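Student:
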Amino acid sequence: MTATTTPETSGGVPAREITISEFGAQKALGILANSGKENAGVRVFIKSGGCSGYQYGMAIDDRELEGDLIVVDRGVKLLVDRMSLPLLRGSEVDFVENMMGGGFTVHNPNATSACGCGSSFRTDGAQSPDGEGGCGSH
């Protein structure tokens, strides 16, 4: 099993490929503590679908797979597979609360457009890779 950790830049400061906000970390640490999985982290991934082309996914995972990027930020282990990394590079995982409830979200600098529901995005203005459309399609 080969996992990749974040490289260091000059001055010994880690170059963060993906981060988590303070509030997101608080919520994630609580969920991880109650997961019953030792050494678990938050797996952040991208899959085709949704109304804008790509869809975000997150899961509690205690496996480190070959090629995973593993970042520990604010005490939370974030795992990103090698296929999702180019689309997530520079993103921040956050937790937002509103009148409809709360949930995790991704602030992604690579997204050129996003769906109104916030769970899908596009990077180049192109059609969805699988032809799906509409917020209800995910």
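Numbering (the UniProt record's numbering), first residue to last: 1 to 138. Positions of the beta carbon are idealized from the N, C-alpha and C atoms, including for glycine. Just so we're clear, the structure is a prediction, and the values are computed from it rather than from any experiment.
(1) Taking 7 Å as the cut-off, is the C-beta of Ile-31 nearer than that to any heavy atom in the ligand SAM?
(2) Would you kindly work out how many angstroms separate the C-alpha atoms of Lys-37 and Asp-61, rounded to a whole number?
(3) When we look at the beta-carbon of Arg-63 and count the other beta-carbons within 10 Å, is it buried (16 or more) or exposed?
(4) Using 10 angstroms around the beta-carbon of Asn-108, count the other beta-carbons present and answer buried if the total reaches 16, otherwise exposed.
(5) Between the alpha carbons of Glu-8 and Ala-33, how many angstroms are there, rounded?
(6) Do the stretch 67–82 and the stretch 94–110 touch if we need at least three Cβ pairs shorter than 8 Å?
(7) Classify Ser-91: buried if its beta carbon has 16 or more other beta carbons within 10 angstroms, exposed otherwise.
(8) Determine the DSSP secondary structure at residue 139, reduced to helix, strand or coil.
Tutor: In terms of the structure at hand:
(1) With respect to the ligand SAM, the structure offers nothing, as it holds no ligand at all.
(2) On the sequence shown, residue 37 is found 37 positions in, with the first residue counted as 1. On the sequence shown, residue 61 is found 61 positions in, with the first residue counted as 1. Looking at the two C-alpha atoms, the distance is approximately 8 Å.
(3) Position 63 of the sequence shown, counted from the start, is the residue given in the question as residue 63. It is exposed - the Cβ of Arg-63 has fewer than 16 other Cβ atoms within 10 Å.
(4) Residue 108 sits at position 108 when you count from the first residue of the sequence shown. It is buried - the Cβ of Asn-108 has at least 16 other Cβ atoms within 10 Å.
(5) Numbered from its first residue, the sequence shown carries residue 8 at position 8. Numbered from its first residue, the sequence shown carries residue 33 at position 33. For Glu-8, the pLDDT reaches just 41, beneath the cut-off of 50, and the residue's location in the model is therefore unreliable, although a value from the coordinates is still provided. So the two alpha carbons sit approximately 29 Å from each other.
(6) no
(7) Translated into the one-based positions of the sequence shown, residue 91 becomes position 91. When all chains shown are included, Ser-91 counts as buried.
(8) Past the edges of the chain, shown from 1 to 138, lies residue 139, and the structure says nothing about it.
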